[in-house]
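Trainee: In our numbering, the protein residues as written are 47 to 267. Here a beta-carbon is modelled for each residue, glycine too, at the ideal position from N, C-alpha and C. None of the values given here were measured: they were computed from a predicted structure.
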C-alpha cells in the first residue's frame, strides 16, 4: 500500500492511541514517496523506561519499513531500538523480501508533506559494544574522511584543525577537490537529538556523489 500523507505532516497520530509523534523537519528530502510500507513508532514518553516507547506491532517483514521517530529523542534513546528492528528484519527468513527497504519519516518543509530518508544499509555501532566498535573503527580505510559531531554547531572534520557548524560542513564538502572517491565516516555524540541526526543526514545527502560516499558504518559515542 501507499503510505498515507497527513494534513499536518509534522504530527503523527499513531495507532488510535492518541499518542503524538513530532517528526523531525528537513528543508528538502531526496525521497518523497514510498510504496508498500508498514509503520513502526518510537514515542517520546517520559513515563516509560529510558523515556522512549517502541510500537512495532504493525510491521510486516515483506514490506518497506517506515520508522516514525519523535524528534525530541536522543540517539542514546533511539539507536538501540533501531538496531533491534534492523536485526529482526535482517535475520528473518520467513516472507523475506530482498527488495524491501527501511526509511525514517520526516516533515519535508519544501512540499509541506512527508519526506523519507533511507537507512537500510546503515550499521550502527554503540560505544557499549567495545570490541565490535573498536574493530570496525580500526578497519576503516586510512583515507576515510572522518566527521565527529558533538552538536550541529561543533563538528570536527579530519581534514581541518578547527571545528565548524553544519553549514560550514556542507560548504567544506562541496568545495573539496573530487579527484578520487572519498569515504565519509560519521562519529556521532549520543546526546544528539533525532532532529539533529536527520538534519545532518539530509545535509550530507545534498552533497554526496559518486566521488563522495557515506560509509555504511556509523559510530555513536
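Does at least one heavy atom of the ligand ADP sit under 7 Å from the Cβ of residue 83?
Mentor: In the structure on display, the ligand ADP does not appear, and there are no ligands present to speak of.
Trainee: Hey, would you say residue 86 sits closer than 8 Å to residue 113, going by beta carbons?
Mentor: Working through the chain shown from its first residue, we reach residue 86 at position 40. Working through the chain shown from its first residue, we reach residue 113 at position 67. Contact: yes.
Trainee: Just confirm the distance between the C-beta atoms of residue 245 and residue 72, as a whole number of angstroms; I'd bet it's less than 8 Å.
Mentor: Within the chain shown, residue 245 is the residue found at index 199, counting from 1. Within the chain shown, residue 72 is the residue found at index 26, counting from 1. So it is a contact: roughly 7 Å between Cβ atoms.
Trainee: Quick check: the Cα distance between residue 152 and residue 82, rounded to an integer number of angstroms?
Mentor: Reading the chain shown from its first residue, position 106 is the one you call residue 152. Reading the chain shown from its first residue, position 36 is the one you call residue 82. Their backbone Cα atoms lie some 18 Å apart in a straight line.
Trainee: Touch check for the region 221-239 and the region 171-191: three-plus C-beta pairs under 8 Å?
Mentor: Short answer: they touch.
Trainee: Take residue 174 as the anchor and find which of 122, 148 and 165 has the nearest alpha-carbon.
Mentor: Residue 174 sits at position 128 when you count from the first residue of the chain shown. With distances taken between Cα atoms, residue 174 lies closest to 122.
Trainee: Using the Cα positions of residue 184 and residue 219, report the straight-line distance between them to the nearest angstrom.
Mentor: For the purposes of this step, residue 184 is identified with residue 138 of the chain shown, where counting begins at 1. For the purposes of this step, residue 219 is identified with residue 173 of the chain shown, where counting begins at 1. Distance between the alpha carbons of residue 184 and residue 219 is about 24 Å.
Trainee: Alpha carbon to alpha carbon, how far is residue 67 from residue 150? Give it in angstroms, no decimals.
Mentor: Taking the first residue of the chain shown as 1, we reach residue 150 at position 104. Taking the first residue of the chain shown as 1, we reach residue 67 at position 21. About 13 Å.
Trainee: Starting from residue 168, follow its DSSP beta bridges and name the residues at the other end.
Mentor: Residue 168 sits at position 122 when you count from the first residue of the chain shown. In DSSP, residue 168 forms no bridge with anything.
Trainee: Are the region 103-118 and the region 126-143 touching by the rule of at least three beta carbon pairs closer than 8 Å?
Mentor: The answer is yes - the region 126-143 touches the region 103-118, with three or more Cβ pairs under 8 Å.
Trainee: From residue 136 to residue 165, what distance separates their C-alpha atoms?
Mentor: Within the chain shown, residue 136 is the residue found at index 90, counting from 1. Within the chain shown, residue 165 is the residue found at index 119, counting from 1. Cα-Cα distance, rounded: 13 Å.
Trainee: Measure the alpha-carbon distance for residue 147 versus residue 111 and round it to whole angstroms.
Mentor: Indexing the chain shown from 1 puts residue 147 at position 101. Indexing the chain shown from 1 puts residue 111 at position 65. Roughly 6 Å between the two C-alpha positions.
Trainee: Taking the CB atoms as reference points, tell me whether residue 171 and residue 92 lie closer together than 8 Å.
Mentor: Here the question's residue 171 lines up with position 125 in the chain shown. Here the question's residue 92 lines up with position 46 in the chain shown. No. Outside cutoff.
Trainee: For residue 100, collect the residues of the same chain with a Cβ closer than 6 Å to its Cβ; drop the 5 residues on either side in sequence, then sort them by chain order.
Mentor: In the chain shown, counting from the first residue as 1, residue 100 sits at position 54. So the list reads 88 and 127, once near-sequence residues are dropped.
Trainee: May I ask you to report which of helix, strand or coil DSSP gives residue 209?
Mentor: For the purposes of this step, residue 209 is taken as residue 163 along the chain shown, with counting starting at 1. DSSP places residue 209 in coil when its eight states are reduced to three.
Trainee: Any contact between the region 195-205 and the region 235-242? By contact I mean 3 or more CB pairs, one from each, below 8 Å.
Mentor: Because the criterion of three Cβ pairs below 8 Å is met, the region 195-205 and the region 235-242 touch.
Trainee: I'd like to check one pair, residue 251 with residue 169: are the Cβ atoms closer than 8 Å?
Mentor: Within the chain shown, the letter at position 123 stands for residue 169. Within the chain shown, the letter at position 205 stands for residue 251. No. Outside cutoff.
Trainee: Give me, in chain order, the residues of the same chain whose beta-carbon lies closer than 6 Å to that of residue 167; leave out the 5 immediate sequence neighbours on both sides.
Mentor: Looking up residue 167 in the chain shown gives position 121. Taken in chain order, the residues that qualify are 262.
Trainee: How far does the beta strand (DSSP E) with residue 199 in it reach, from first residue to last?
Mentor: Within the chain shown, residue 199 is the residue found at index 153, counting from 1. Residue 199 -> no beta strand (DSSP E), and no H or E assigned at all.
Trainee: May I have the straight-line CA-CA distance separating residue 96 from residue 118, to the nearest angstrom?
Mentor: In the chain shown, counting from the first residue as 1, residue 96 sits at position 50. In the chain shown, counting from the first residue as 1, residue 118 sits at position 72. Taking the straight line joining both Cα atoms gives about 13 Å.
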